[in-house]
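**Q**
Protein chains in written order, with this note's numbering: chain A, 1 to 469; chain B, 1 to 261.
1. Could you have a look at residue 107 of chain A and say whether DSSP puts it in helix, strand or coil?
2. Give the residues of chain B in contact with residue 330 of chain A, contact being defined as C-beta atoms less than 7 Å apart.
3. Residue 267 of chain A to residue 462 of chain A, Cα distance in whole Å?
4. Using a Cβ-Cβ cut-off of 8 Å, state whether residue 3 of chain A counts as contacting chain B.
5. At what residues does the beta strand (DSSP E) containing residue 484 of chain A begin and finish?
6. From residue 286 of chain A to residue 384 of chain A, what does the alpha carbon distance come to, in whole angstroms?
7. Closest Cβ-Cβ distance between residue 163 of chain B and chain A: below 8 Å?
8. Using a Cβ-Cβ cut-off of 6 Å (strictly less than) and excluding sequence neighbours within five positions of residue 71 of chain A, which residues of its own chain qualify?
9. Give me the Cβ distance between residue 57 of chain A and residue 38 of chain A, rounded to the nearest whole Å; I'm assuming they're in contact under 8 Å.
10. Let me confirm a value: residue 215 of chain A is counted as buried when at least 16 other C-beta atoms fall within 10 Å, else exposed. Which label applies?
11. Should the stretch 72-86 of chain B be regarded as contacting the stretch 434-446 of chain A, the criterion being three or more beta carbon pairs within less than 8 Å?
12. For residue 289 of chain A and residue 40 of chain A, I'd like the C-alpha separation in whole angstroms.
13. If you count every other CB in all the chains shown that lies within 10 Å of the CB of residue 50 of chain A, and 16 or more means buried, which is it?
14. Return the CA-CA distance between residue 189 of chain A and residue 133 of chain A, expressed in angstroms with no decimal places.
15. According to DSSP, residue 358 of chain A sits in a beta bridge with which residue or residues?
16. Would you mind telling me which residues of chain A sit closer than 7 Å to residue 52 of chain B, beta carbon to beta carbon, in chain order?
17. Give a yes or no on whether the minimum CB-CB distance between residue 425 of chain A and chain B is below 8 Å.
18. May I ask you to list, following chain order, the residues of the stretch 50-79 of chain B that have a beta carbon less than 9 Å from some beta carbon of chain A?
19. Taking contact to mean at least 3 C-beta pairs separated by less than 8 Å, is the stretch 163-180 of chain B in contact with the stretch 436-449 of chain A?
20. Tell me which same chain residues have a C-beta within less than 7 Å of the C-beta of residue 158 of chain B, skipping the five on either side of it?
21. Taking one C-beta from the stretch 382-397 of chain A and one from the stretch 47-63 of chain B each time, how about it: are there three or more such pairs within less than 8 Å?
22. For residue 76 of chain A, is the classification buried or exposed, using 16 other Cβ atoms within 10 angstroms of its Cβ as the cut-off for buried?
23. Quick one: Cα of residue 121 of chain B to Cα of residue 104 of chain B, how far?
24. Give me the Cα-Cα distance between residue 140 of chain B and residue 147 of chain B, rounded to the nearest whole angstrom.
25. Contact between the stretch 444-459 of chain A and the stretch 112-128 of chain B: three or more CB pairs below 8 Å?
26. Going by Cα to Cα distance, which pick from A:196, A:178, A:45 is closest to residue 59 of chain A?
27. For chain A, check one thing: does any of its Cβ atoms lie closer than 8 Å to the Cβ of residue 104 of chain B?
28. How would you label residue 270 of chain B, buried or exposed, when you count the other beta carbons within 10 angstroms and need 16 or more for buried?
29. With DSSP collapsed to three states, give me the class of residue 457 of chain A.
30. Alpha carbon to alpha carbon, how far is residue 259 of chain B from residue 92 of chain B?
31. Can a CB atom of chain B be found closer than 8 Å to the CB of residue 416 of chain A?
32. Give the list of continuous alpha helix (DSSP H) stretches no shorter than 4 residues that lie fully inside the stretch 388-455 of chain A.
33. Does the beta carbon of residue 131 of chain B come closer than 8 Å to any beta carbon on chain A?
34. Tell me whether residue 37 of chain B is buried or exposed, calling it buried when 16 or more other Cβ atoms sit within 10 Å of its Cβ.
35. What residue from B:177, B:248, B:225, B:250 has the CA that sits closest to residue 216 of chain B's CA?
36. Could you tell me which chain B residues have their CB closer than 7 Å to the CB of residue 436 of chain A, listed as they occur along the chain?
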């Protein structure tokens, strides 16, 4: 595993991620949600009529659908107190220098331009509702790779867009996919042509700055036959006393023989509700991998899923959740086996500390045609103290024959023996606990590019020092 | 006064009195062996000295460098210069031995993430490791493995001594280091310990059997029975135990270990 770099213990979330800059917006919609706001968003974006109608229809669905009552407690969300659309800059830049100084300073402080220079093939930066910065290596553009924000994609690639948009996650899928469909803004659009491999990761960075903000990015990734892409998203927000809402929809299509890896390091401040729908369709011999790290937020509900549509399709979810004081991470994964000879694995690692709560929620569905399919689920929970809590909610529906379905779950505590052993070598209690936690999530960390593994270990260290939130 | 003084140490486990007043003075440069039958309090002694939270100190003191270490956390004791080679080294998954050794060495040197001059350099660390691995007949392949994870009995004990060699304590407690070891491993471990012997190191070997004392010659031998020393002397005490065992104190236990394959 990567070496854990020492951090200055004086640095905490507040300094590194939790700062905010004064609001200077080009446009800020009124608080609350109604057809006029939705029409206004669509008008601001100069969208085609079909999209305006799609949004209004989605709003209706959102209103009719009840709040989900099976997961975390969402009753505290006040939908009328949220700003649904906030535009901070009137144009999108290809150069960090062209951004408004406050916004540039924000990303500098978060280290995004530096990361781009060092190890990324393309970067997208979303600030509030809109993508403010975008870049892609020229070589990839020449190969026909499209990496742009979703609004631009609707404008510049209307046919491709319309063919796939909303096909993986329709508005009526759930209450929050309906909400996103009504007020979506920003997000990433990626198209990788047949046989093209994007060997260096593409990254999007989502930043909420304003209070009571709602961020509803919409991401659509299409991996054409035999292609490969690794997309990474990071997200942070300032610490406010009132709540913000992040509700994204991510749709991915992985065609025959292609592979897509989607890595998330979610590090929202603890006043953010993070309610995200992520789903991929994997076709013949295609591979979809969700690598999903959830550290921040007040409540996260997120279950990345893969529909294994054709023979040989493979789905992986590897997720880590860390819940500290006042946090509830309700995360997991779903694997829907539609075709024969499909395989899936879900590996979930959760850590609860200082009264935090983690839940694993998973669904394995194997349809009658999905003969000879295999699925394996493993969830491990680590509790750091007696106040914290972890639950497991696995749901399995198997309607096919000759399938292999495995499930393993463990709950453990940081043992006194491990602590004593490490401390007997001169390592402080706090550092020993951090090592044990980093060791626990090592199966996850080792899947990350080195820079992100280092960053994740550092974030865990911050969480362990109790300075977050 | 001696470099490391255990004075009238009394300790209990889950309310049961185990150590009933142990007094022992160790100077750097000396090797002491504490021998005793099962249940005599040997492991309570080692755990209490290092500060395991499951052992309660009921009285006495342990003075090292002018401090009563019984008031210190285990990590503070280690940074002061104490070391315990565990009888049963603990598995910590996901952390490589390299990472562990480097973190421990940095901690020992007082590196707290700020003063980079205290941090061990990669070059220094590599050369330090290389030499010690050779002495213990271990190869590099052991370094990326997780702490004690899947290690054989012999590998675990050698890894303990490797940690000792890297951390260079002034007082080292070897708790049943020979148990579960084949004869070759005992020789390698003993060779490594003997190399470290010198005016800067005091050693306390805790053992049931005399076997390890054939390879690491003690200066003093103390017999612990029912939480108290019943006999102290030079190496001849071990020879006497070799012949009579602990029978004169009412314990009819074998002093020869079963041969380990």
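Backbone N, C-alpha and C define an ideal beta-carbon position, used for all residues, glycine too.
**A** Here's the rundown:
1. helix
2. The contacting residues do not exist; residue 330 of chain A stays about 24 Å from chain B at best.
3. 12 Å
4. Only weak support exists for where residue 3 of chain A lies, its pLDDT of 40 falling under 50; the value from the coordinates is given anyway. Yes, its Cβ sits closer than 8 Å to a Cβ of chain B.
5. Any property of residue 484 of chain A remains undetermined from this structure, which presents chain A solely from 1 to 469.
6. 38 Å
7. yes
8. 301, 330
9. At roughly 10 Å, the Cβ-Cβ gap does not stay under 8 Å, so residue 57 of chain A and residue 38 of chain A are not in contact.
10. buried
11. no
12. 37 Å
13. exposed
14. 14 Å
15. A:329, A:390
16. 420
17. yes
18. 50, 51, 52, 53, 54, 73, 74, 75, 76, 77, 78, 79
19. no
20. 136, 138, 185, 188, 189
21. no
22. exposed
23. 14 Å
24. 14 Å
25. no
26. A:178
27. yes
28. This structure leaves residue 270 of chain B out entirely; chain B is present only between 1 and 261.
29. helix
30. Its pLDDT being 49, under 50, residue 259 of chain B is placed unreliably by the model, and nothing is read from it.
31. yes
32. 416-423, 429-440, 442-445
33. no
34. buried
35. B:177
36. 92
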